[in-house]
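The structure appears below as structure tokens.
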Amino acid sequence: MIDFAPKKQFNFASMFGMTSTVSSILVVLSLIALFSNMKYGVDFSGGAEIQVKFNEKVPMGDIRKLMDREGLKGTQVQSIGEANENEVLLKLQGDETNLNQISEQVQQALAKNFSESGANIRKVDIVGPKAGSSLRLSGFQAMAWALIAIMIYIGLRFDFKYSPGAIIALFHDVSIILGIFAITGTEFTLQVVAALLAVIGYSVNDTVIVYDRVREHEQKLPEGKLSDHINLAVNETLSRTILTSGTTLFVSLSMFFFGGQAIRGFFFAITLGVIIGTYSSIFIAAPITLFFDRLKNKSA
Amino acid sequence: MKRSWWTRFIFLLLFTCLSIAAILPTIFDFNENNNNYFISSKINLGLDLQGGLYMVLGIDFKKVYKDEVATYAKKIVDLLGDYETKAEIGKLDLADPLDPKHTINLLDPNKLKQAVDQIKKSFPGLLRITGENAGEIQFALSNVLKTQIEEQSVTKSIEVIRNRIDEFGVTEPEIVSQGNDRIVVALPGVKDIEQAKSLIGKTAQLTFRVVNDNVGLGEINTWLTKAKEAGIEYKKGEKFSNYLDKLNSFLKDDLPKGFSLAFKKTLSRLNNSVENMEPFVLNNDVKLTGDLLQDAFTTFGQEGMPIVSLSFKTRGSKVFEELTGNNIGKRLAIVLDGNVYSAPSIRSRISGNAQIELGRGNTQQILKEARELAMVLRAGALPVQLDFLEQRTVGPSLGHDSIEKARLASIIGCALVFIFICFYYKISGFIALTTLALNVLFILAALVGLEATLTLPGIAGIALTIGMAVDANIIVYERIREEVRKGVGNYKAVENGFAQAFWTVLDANFTTAMAGICLINFGTGPIRGFAVTLLIGIAATVYTSYFVGKMLFELYMNKVEGEDLSI
């Protein structure tokens, strides 16, 4: 039997004070970053994105000059993907009526001026401001519904004393991931919302497994202390937690590195989510349950 | 082995064979029209993988409301006239374009109260009186009526767009409403995007053609069967006009000279696919076209039933008089973009305005039909003004590159997982590996069976499912290990391990499934693809990792009775 899990029993409960402080600071910093510095992708901010692939290397400066000549000074030009792929992303701003027209103009200008470099239009996304704001709204709604559904499920399956811990842990995960997106300047897109929902599912999964053990111990030994039950449960599930996170990380990291630029953002969020979600189910969900339990006992 | 084991094994075997059969066409790239194999469909690739066009169209209701409120003003004046209250149409107030108001001026201000009562009685729940003073009544459309109008505009627009898309030849078009003022159009595989866009926005061809009712439905059906036997049948993804041309040239000796077949298509409420096609034999000689039409609106006939009233331009009116005069007793088909919308009978020679009666019965139902017909007639273009809110186009080469990269990355990721599991759990690891392989097989087969679409995030979803599916195996194995450490015998350890892990595995997957369901409701094309594969993956995981895993363990236990478990 190969066993990665340490034989020693950790006293996780003693670390809860420190981890909750660190996490609170991280969440606050993330929220500040999220509201001040988040880069929204075209899905949410509205605008147009044109992805072009050239057969040979084309200097960014040439494309920028062309955009200036076309009277589109605000156009962002950036190279994406691997360097040898010669792919460029152009970002245009405008409203519903002229976005269509501007992107037409850009496509024609590229075709005319870079005919020998073979400007191949790979993708055009045009999102009007109206559609952008409604996508933003429905994205947040989907996340809110997921949280509510999970809270009710945990309440019914276990006990409502467990719900706040799971939800606060999820809130913690999502805000730190978003904070890291904001700080690293990674774009927040529709795909990232999908990834966050997958992370929510994954992270609550971890939490549920710990809770399941806690409940088992509570039933076996009802007079025992909840903190001891939690400590034992976390220790017992530790090897499973490490193994599962490990296998999921194998997949998410290989997709992140080799899966191509189109799903890199998605797997960036998943990778962060697996790490933070694993941490939070041990160090956040459990102490919060403990906290609410103490609060209940005090008032009782 | 126990009998129950064999039952489960046979079930698994059956399931596996079926799944393999389902994905064979995809793997070996069978020809779509090769009917020798019993499963003809391959995995549907999403827009982001095969290229194509995705659009969200927003409907502008302002003009629709304006037309509607003006129509009601006319109706009210007529109505009051019937009760000897002389009234005139007043001014239209467009201060709030989404809630236009119209004024009616009474010539005798003393009849104000009586007139208001009359309006309320005649249009219950449809109109709101927004102001009344000294001989002026101002009214607006009620929310109920507005909702009705919105629903109908959306349905009609979808129908018109659907007909045009059929003209374009797309295999799996998706045209659905989103909310109450949006239409999503997804056209995977479309190459000429500019043409597709202009096709959706173009003006429709409206024509009036006389129906030949001498040919019975039975006879038409014999022709259609004959054509079908000769291989002329409408196939998904074919241009509808191509089909009509082929059909008509095939049947040219059967059809009366100078006539051809056309259809009235009914769309299914579920997914807007063509559900029913009612055939008509129409005269090829088109005398009257939509450009000769002045206006069309719903009003009420003599018995209070809703009718559609048409008025023609000067020249149109002459043509129409001649057309109706020569064809009394026959039906006149109203044809938009080559599709029959309605075919009312001609009762008499009509000079001036024409009225189309839609029969008697449920007033609401008929009013709805009348409004739809008026829309089609007035349309020329789409029934309502559409704005392009969102447009996404993907070239085919991008999708191809994405598939290649995502496939490679998935294989690397899954291989790492497989190697690790075998190394860590030894023989039990091979059991896990078998369940994972079956998991992938079942997910792919389910995609074929459910005719779901595989998108790039969908591939990500499958890879992710494998990473997470191992979890179910790990939960069980770690439990078994605990039992083994306690010194419980092998049989007991495995039995306890599976029994104790059952609810944990189910809970863990259920929570992920809930996130997936929330995502389905939110998602647009590719994202929905992710949610769908995630959900299918969860179902497959519970079955393979838990149930199949348990089965294989029982087999393994049987073989190594008494020895140490390799876990």
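Protein chains in written order, with my numbering: chain A, 401 to 700; chain P, 120 to 686. The beta carbon of each residue, even a glycine, is placed where N, CA and C say it ideally should be. Computed from a prediction, not measured in an experiment: that's the story for all the values here.
Can you name the residues of chain A whose CB is closer than 7 Å to the CB of P/E597?
Against the second sequence, residue 597 of chain P aligns to sequence position 478. At a C-beta separation below 7 Å, P/E597 has these neighbours in chain A: S639 and R640.
Which term fits P/F629, buried or exposed, when burial requires 16 or more other beta carbons within 10 angstroms of its beta carbon?
Here residue 629 of chain P refers to the residue found at position 510 of the second sequence. Buried, by the Cβ-count rule.
Run of the alpha helix (DSSP H) containing A/G677, from where it starts to where it stops:
Indexing the first sequence from 1 puts residue 677 of chain A at position 277. Start and end: R664 to S680.
Spatial neighbours of A/I576 within its chain, please: C-beta separation below 7 Å, excluding the five flanking residues on both sides.
Here residue 576 of chain A corresponds to residue number 176 of the first sequence, with the count starting at 1. Counting only Cβ-Cβ distances below 7 Å, and skipping sequence neighbours, we find L426, V427, S430 and I676.
With a CB to CB cut of under 7 Å and the five nearest residues on each side skipped, what residues in its chain are close to A/L597?
Within the first sequence, residue 597 of chain A is the residue found at index 197, counting from 1. Contacts found: A542, M543 and A546.
Name the chain B residues whose beta carbon is nearer than 7 Å to that of P/A582?
Absent here is chain B; the protein component of the structure consists of chains A and P.
Buried or exposed: which applies to P/H519, given that a residue is buried once 16 or more other Cβ atoms fall within 10 Å of its Cβ?
Locating residue 519 of chain P in the second sequence gives position 400, where the first residue counts as 1. The residue in question, P/H519, is exposed, as its Cβ has fewer than 16 Cβ neighbours within 10 Å.
For P/T631, name the three-state secondary structure that DSSP assigns.
Against the second sequence, residue 631 of chain P aligns to sequence position 512. Residue state, collapsed to three classes: helix.
Looking at the C-beta of P/V109, does it have a partner C-beta in chain A at a distance below 8 Å?
Absent from the model: residue 109 of chain P. The displayed extent of chain P is 120 to 686, so no value can be given.
Residue from P/D410, P/L477, P/L401 and P/G377 with nearest C-alpha to P/K383
Within the second sequence, residue 383 of chain P is the residue found at index 264, counting from 1. P/K383 has its Cα closest to that of P/L401, out of P/D410, P/L477, P/L401 and P/G377.
P/L374 versus P/I339 - alpha carbon distance
Translated into the one-based positions of the second sequence, residue 374 of chain P becomes position 255. Translated into the one-based positions of the second sequence, residue 339 of chain P becomes position 220. Looking at the two C-alpha atoms, the distance is approximately 9 Å.
Return no unless some Cβ of chain A is closer than 8 Å to the Cβ of P/F180.
On the second sequence, residue 180 of chain P is found 61 positions in, with the first residue counted as 1. By this cut-off, P/F180 is not an interface position.
Below 8 Å on the Cβ atoms is my contact criterion, and I expect A/I568 with A/M551 to pass it. Report the Cβ-Cβ distance as a whole number of Å.
Locating residue 568 of chain A in the first sequence gives position 168, counting from the first residue. Locating residue 551 of chain A in the first sequence gives position 151, counting from the first residue. That pair is no contact at about 10 Å.
How would you label P/S529, buried or exposed, when you count the other beta carbons within 10 angstroms and need 16 or more for buried?
The residue labelled residue 529 of chain P in the question sits at position 410 within the second sequence. So P/S529 counts as buried.
Between which two residues does the beta strand (DSSP E) containing P/K383 stretch?
Working through the second sequence from its first residue, we reach residue 383 of chain P at position 264. Looking at the DSSP string, the run of the beta strand (DSSP E) that includes P/K383 is F378 to L386.
Per DSSP, what kind of secondary structure is P/V334 in: helix, strand or coil?
Here residue 334 of chain P refers to the residue found at position 215 when the second sequence is read from its first residue. Note: P/V334 maps to coil in three-state DSSP.
Which residues, in chain order, does the region 574-607 of chain A contribute to contact with chain P at a C-beta distance below 7 Å?
L590, Q591, A594, L597, A598, I600, G601, Y602, V604 and N605
Determine the closest residue to P/A259 out of P/P398, P/N224, P/L217 and P/N458, with distance taken between C-alpha atoms.
Your numbering for residue 259 of chain P matches position 140 in the second sequence. Answer by Cα proximity: P/L217.
Three-state secondary structure (DSSP) at P/T652?
Position 533 of the second sequence holds residue 652 of chain P. Three-state DSSP puts P/T652 in a helix.
Alpha-carbon spacing of P/C533 relative to P/S461, whole angstroms:
Position 414 of the second sequence, counted from the first residue, corresponds to residue 533 of chain P. Position 342 of the second sequence, counted from the first residue, corresponds to residue 461 of chain P. Taking the straight line joining both Cα atoms gives about 57 Å.
Near A/T475, what residues of its chain come up, given a Cβ to Cβ distance below 7 Å and the 5 sequence neighbours on each side ignored?
Residue 475 of chain A sits at position 75 when you count from the first residue of the first sequence. These residues qualify, in order along the chain: M467, L490, K491 and L492.
For the alpha helix (DSSP H) that contains P/Q169, what are its first and last residues?
By 1-based counting over the second sequence, the position of residue 169 of chain P is 50. It spans L166 to Q169 - the alpha helix (DSSP H) in which P/Q169 sits, taken as one unbroken run.
If you draw a straight line from the C-alpha of A/F412 to the C-alpha of P/I531, how long is it?
By 1-based counting over the first sequence, the position of residue 412 of chain A is 12. By 1-based counting over the second sequence, the position of residue 531 of chain P is 412. C-alpha separation (whole angstroms): 35 Å.
Less than 8 Å between the beta carbons of P/I585 and P/V624, yes or no?
As a working mapping, residue 585 of chain P is identified with position 466 in the second sequence. As a working mapping, residue 624 of chain P is identified with position 505 in the second sequence. At a Cβ-Cβ threshold of 8 Å, P/I585 and P/V624 do not count as neighbours.
Based on DSSP bridge pairs, tell me the residues matched to A/K453.
The residue labelled residue 453 of chain A in the question sits at position 53 within the first sequence. According to DSSP, A/K453 bridges with A/E487 and A/N520.
Is it true that the region 669-689 of chain A meets the region 639-657 of chain A, where meeting means three or more beta-carbon pairs spaced less than 8 Å apart?
yes
Can you pull the chain P neighbours of A/G539, defined as C-beta to C-beta under 8 Å?
Against the first sequence, residue 539 of chain A aligns to sequence position 139. Simply F641.
I need the DSSP call for P/S296, collapsed to helix, strand or coil.
Within the second sequence, residue 296 of chain P is the residue found at index 177, counting from 1. P/S296: strand per DSSP, three-state reduction.
Count the other C-beta atoms from every protein chain shown that fall within 10 angstroms of the C-beta of P/K345, then say buried if there are 16 or more, exposed otherwise.
Indexing the second sequence from 1 puts residue 345 of chain P at position 226. It counts as exposed.
Please compile the residues from chain P whose C-beta is within a distance smaller than 7 Å of the C-beta of A/A662.
Taking the first residue of the first sequence as 1, we reach residue 662 of chain A at position 262. Result: S521 and L575.
Beta-carbon proximity list for P/E248, same chain, < 8 Å, skipping 5 on both sides
As a first step, residue 248 of chain P must be located in the second sequence, where it is residue number 129. In the sequence under discussion, the amino acid at residue 248 of chain P is Ile, which differs from the Glu named in the question. For P/I248, where only same-chain residues beyond five positions count, the Cβ hits under 8 Å are V235, I238, K239, I256, Q257 and F258.
Tell me whether A/L466 sits in a helix, a strand or coil according to DSSP, three-state version.
In the first sequence, the residue the question calls residue 466 of chain A occupies position 66. Reduced to three states, the DSSP call for A/L466 is helix.
List the residues of chain P that A/R522 touches, going by C-beta distances under 8 Å, in chain order.
Mapped onto the first sequence, residue 522 of chain A falls at position 122. Near A/R522 (Cβ distances below 8 Å), the residues of chain P are V513, G514, S516 and L517.
Determine whether the Cβ of P/A500 lies closer than 8 Å to any Cβ atom of chain A.
Sequence index remark: in the second sequence, residue 500 of chain P carries index 381 (1-based). Only weak support exists for where P/A500 lies, its pLDDT of 44 falling under 50; the value from the coordinates is given anyway. Chain A, which has no Cβ nearer than 8 Å to the Cβ of P/A500, makes this no.
What are the start and end residues of the beta strand (DSSP E) that includes P/P515?
Within the second sequence, residue 515 of chain P is the residue found at index 396, counting from 1. Run containing P/P515: none in the beta strand (DSSP E); it sits in the alpha helix (DSSP H), P515 to G568.
Starting from the Cα of P/R328, find the closest Cα among P/K524, P/N445 and P/N163 and give me that residue.
Counting from 1 along the second sequence, the entry for residue 328 of chain P is found at position 209. Among P/K524, P/N445 and P/N163, the Cα nearest to that of P/R328 is on P/N445.
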